[in-house]
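Numbering (the working numbering), first residue to last: 6 to 72.
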């Protein structure tokens, strides 16, 4: 490394694991686990209080008068 190169070179000359990043297998495993976690969250029903708030917002007249 010369003086013009920043420490922690991210130019792609070395594999991600040697640059301090995560290798492809680790990234895929994390991605799969995050998708599984968020899929379960998306399956949860919307709480009634949120539905009520959304309905109230829908019923509020637009202050700009665009309706």
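Even for Gly, the Cβ is constructed at its ideal location relative to N, Cα and C.
CA-CA distance, residue 30 and residue 41? So the two alpha carbons sit approximately 17 Å from each other.
Run through DSSP, which three-state label would residue 48 get? Here DSSP, grouped into helix, strand and coil, assigns residue 48 to coil.
What did DSSP end up calling residue 67 once you bin it into helix, strand or coil? Three-state result, residue 67: coil.
Under three-state DSSP, which class holds residue 26? Residue 26: coil per DSSP, three-state reduction.
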